[in-house]
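Quick note on my numbering: the sequence shown kicks off at 50 and runs consecutively.
Here the structure comes first, spelled out in structure tokens, and everything after it is commentary.
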Amino acid sequence: MSIRRQRLRTFLLPSIVATGALLYFVTQYHYQIRNTISYATRPIWDTAEGPQHVIPHYHGEGLEMNEHVCQLHGWKKRPDAENYRVLDAILVSSELDLLEIRMNELDSVVDRFFIVESNATFTGLPKETYFANNRARFSKFEKKISYRLLPGYPLEDGQTAWNVEAKTRDTMTAFLRSHMTEFAPSTRPLVIMSDVDEIPSGHTLQLLRSCDFGTSIHLQLRSYVYSFEWFLGFNSWRASVNLWMPGSYYSHRKSGDVMLADSGWHCSYCFRTIPEYVAKMTGFSHHDRIGGQLSLLDPQRIQDTICRGKDIFGMLPEAFSYVDLLAQINPEPQVSAINLPRFLIEAADRFKFLLPGGCQRTAETTAEVETLDAPDDLER
Ligand SMILES: *[C@@H]1O[C@H](CO)[C@@H](O)[C@H](O)[C@H]1NC(C)=O
50 MSIRRQRLRT
60 FLLPSIVATG
70 ALLYFVTQYH
80 YQIRNTISYA
90 TRPIWDTAEG
100 PQHVIPHYHG
110 EGLEMNEHVC
120 QLHGWKKRPD
130 AENYRVLDAI
140 LVSSELDLLE
150 IRMNELDSVV
160 DRFFIVESNA
170 TFTGLPKETY
180 FANNRARFSK
190 FEKKISYRLL
200 PGYPLEDGQT
210 AWNVEAKTRD
220 TMTAFLRSHM
230 TEFAPSTRPL
240 VIMSDVDEIP
250 SGHTLQLLRS
260 CDFGTSIHLQ
270 LRSYVYSFEW
280 FLGFNSWRAS
290 VNLWMPGSYY
300 SHRKSGDVML
310 ADSGWHCSYC
320 FRTIPEYVAK
330 MTGFSHHDRI
340 GGQLSLLDPQ
350 RIQDTICRGK
360 DIFGMLPEAF
370 SYVDLLAQIN
380 PEPQVSAINL
390 PRFLIEAADR
400 FKFLLPGGCQ
410 RTAETTAEVE
420 TLDAPDDLER
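So, in structure tokens, the structure goes:
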């Protein structure tokens, strides 16, 4: 055998096989590879995108929202605080548990809840109208609720899920505008703009109603995943409170550079049942993360992931410093349930899945769970 042929055998063939294997791996897992590289280096090339000016937040139980407290935050007390109305504008998808916790947390300070819900997903598929179908569960707040159903239809040619999402926010804008005329002309409406799972604390809204913070302020929220057992840091900033004026619109983007520290909770992926996780993971905005790996949807794997506080897609967390990145890769379970929404503690028996030690999920669909819950709710 010639030397050349021997070389071919020992080097060339294995390298062809190795290259082939590498190519296969790269094409199969390109999303995961890209994610790992970009997320692992993120602290070097990226900075947090939220508002940079964070106002220290002062609070103690029973604190009176007076001139002194306003001053601590650098604000003046409103001379006409009685003219201010707090309106909570919520786009509901399916998270009725968090909605109930939210409405109870904010009940003492919110004057009206504006709820918009569609009978289709952002991708135009038919969807249950969870709020309308379970409205009795919220009967305690009925007098404060204004509800609008947004009829959804299959996507038209050229239309994307992003268009539908934008349309949903526009619907909320129109809905709010149409109701502003019901208030006296002297009324100054403060609108909370946040997703259902971004829950501002009641005392934060009391502070913002009492003190003149300007026309718009973001709320920094404690970020949790799966439940209040897994704390990820203070990196949620999209929620905001805005003085509503003619021309205002409903937004979930950065509207200014000022943010009030530690103003509530953001509980992502805080679902009661495993099927809700599967639905969320296969939903439009996360479809690419599955990257063809159907094993990610295995219920047992999802359950383990929830109990260990790991990333649901098996990816690196989005962090802007290596300290945060390491902390989020291997989070420590919280054993404290202090300073959480009060209703969550009062109704702890119904919300075990959101509390430390309650990571075990049920396999039933939401609908079944909600039917089971209903009689309990009606007694309240
Ligand atoms: C939503 O409701 C509207 C009006 O009732 C109806 O025309 C439409 O077909 C429904 N959409 C879906 C996706 O079921």
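All C-beta atoms in this analysis are idealised placements derived from N, C-alpha and C, irrespective of residue type, glycine included.
* Indicate whether Leu256 and Ser289 have their beta-carbon atoms separated by less than 9 Å. => The Cβ-Cβ distance between Leu256 and Ser289 does not fall below 9 Å.
* Limits of the beta strand (DSSP E) - the one that Ile194 falls within -> For Ile194, the enclosing beta strand (DSSP E) starts and ends at Ile194 to Leu199.
* Asked: From this set, Val75, Pro105, Gln55 and Phe74, which residue's C-alpha is nearest Phe283's C-alpha?
  -> Out of Val75, Pro105, Gln55 and Phe74, Pro105 has the C-alpha closest to the C-alpha of Phe283.
* To do: Tell me whether the beta-carbon of Pro390 lies closer than 9 Å to the beta-carbon of Asn153.
  => With contacts defined by Cβ atoms closer than 9 Å, Pro390 and Asn153 form a contacting pair.
* Asked: Hey, out of Leu155, Tyr202, Gly173 and Glu205, whose CA is closest to Lys193's CA?
  -> Residue Leu155 is the option with its Cα nearest to Lys193.
* Beta carbon of Gly173: closer than 8 Å to some heavy atom of ligand 1? -> Within the cutoff, so yes.
* Asked: Exposed or buried, Thr253, counting other C-beta atoms within 10 Å across all chains shown (16 or more means buried)?
  -> By the neighbour-count rule (16 or more Cβ atoms within 10 Å), Thr253 is buried.
* Asked: Which same chain residues, not among the five before or five after Tyr179, have their C-beta less than 6 Å away from its C-beta?
  -> These residues qualify, in order along the chain: Ser143 and Leu145.
* Around the Cβ of Val118, are there at least 16 other Cβ atoms within 10 angstroms (buried) or fewer (exposed)? -> It is buried - the Cβ of Val118 has at least 16 other Cβ atoms within 10 Å.
* beta strand (DSSP E) runs contained entirely in the segment 194-244, provided each spans 3 or more residues -> Scanning the segment 194-244 from its first residue to its last, the whole beta strand (DSSP E) runs of 3-plus residues come out as 194-199 and 237-242.
* Since Leu140 is in the beta strand (DSSP E), which residue starts that stretch and which ends it? -> Where Leu140 is concerned, the enclosing beta strand (DSSP E) starts and stops at Tyr133 to Val141.
* To do: Grab the span of the beta strand (DSSP E) containing Phe280 for me, first residue to last.
  => For Phe280, the enclosing beta strand (DSSP E) covers residues Phe280 to Ser285.
* Can we count Gly111 as close to ligand 1, meaning its CB is less than 8 Å from some heavy atom? -> The answer is no for Gly111.
* Asked: Would the C-beta of Asn182 count as close to ligand 1, meaning under 8 Å from any of its heavy atoms?
  -> Checking every heavy atom of ligand 1 against the Cβ of Asn182, none is found closer than 8 Å.
* Asked: Would you call Ser235 buried or exposed, if buried means 16 or more other Cβ atoms sit within 10 Å of its Cβ?
  -> Using a 10 angstroms sphere on the CB of Ser235, the tally of other CB atoms stays under 16, which defines it as exposed.
* For Phe163, which residues does DSSP report across the bridge? -> Paired residue(s): Ala138 and Ser195.
* Asked: With a cut-off of 9 Å, does the C-beta of Ile339 fall near any C-beta of chain D?
  -> No chain D is present in this structure, which holds just one protein chain.
* To do: Would you tell me roughly how many angstroms separate the C-alpha atoms of Met364 and Tyr202, rounded to the nearest one?
  => Looking at the two C-alpha atoms, the distance is approximately 33 Å.
* According to DSSP, is Arg350 helix, strand or coil? -> Helix, per DSSP.
* DSSP-derived helix/strand/coil call for Lys359 -> Note: Lys359 maps to coil in three-state DSSP.
* Asked: So does Asn176 have its beta carbon nearer than 8 Å to some heavy atom of ligand 1?
  -> Before going further, note that residue 176 is Lys rather than Asn in the sequence given. Yes, Cβ of Lys176 sits closer than 8 Å to a heavy atom of ligand 1.
* Supposed contact pair Tyr275 and Gly358 - C-beta distance, whole angstroms, cut 8 Å -> About 7 Å; that satisfies the 8 Å criterion.
* To do: For Thr420, collect the residues of the same chain with a Cβ closer than 8 Å to its Cβ; drop the 5 residues on either side in sequence, then sort them by chain order.
  => Residue placement at Thr420 is flagged as unreliable, the pLDDT there being 35, under the threshold of 50; a coordinate-derived value is accordingly withheld.
* Rounded Cβ spacing between Glu138 and Met242 (contact assumed at less than 8 Å) -> Note on residue identity: the sequence assigns Ala, not Glu, to residue 138. Met242 and Ala138 do touch by the CB rule: their CB atoms are close to 6 Å apart, below 8 Å.
* Tyr326 to Gly123, Cα distance in whole Å? -> So the two alpha carbons sit approximately 42 Å from each other.
* **Whole-angstrom distance between Arg184 and Leu292, CA atom to CA atom** => Using only the alpha carbons, I get a separation of about 29 Å.
* Asked: Between Leu140, Leu136, Trp279 and Pro380, which lies nearest to Ser317 when the distance is taken from Cα to Cα?
  -> The residue with the shortest Cα to Cα distance from Ser317 is Trp279.
* Should Tyr202 be counted as a contact of ligand 1 given a C-beta to heavy atom distance under 8 Å? -> Correct: Tyr202 has its Cβ closer than 8 Å to ligand 1.
* Asked: Rounded to a whole number of angstroms, what is the C-alpha to C-alpha distance between Ile150 and Val384?
  -> Their backbone Cα atoms lie some 20 Å apart in a straight line.
* Separation of Arg54 from Cys356, as counted between CA atoms -> Cys356 and Arg54: Cα-Cα distance of roughly 56 Å.
* When DSSP builds the beta bridges, which residues end up paired with Trp314? -> Note: Trp314 sits in a beta bridge opposite Ile248 and Arg271.
* Three or more beta-carbon pairs under 8 Å between the segment 298-311 and the segment 345-352, yes or no? -> They do not touch, by the three-pair rule.
* Asked: What's the call for Glu381, buried or exposed, on a 16-neighbour Cβ count within 10 Å?
  -> Burial call: exposed.
* **Residue nearest to Phe224 in terms of C-alpha spacing, selected from Ser297, Pro100, Leu112 and Gln120** => Looking at the Cα atoms, Ser297 is the closest of the given residues.
* To do: Assign Asn291 to one of three DSSP states: helix, strand, or coil.
  => The answer is strand: DSSP assigns Asn291 an E or B state.
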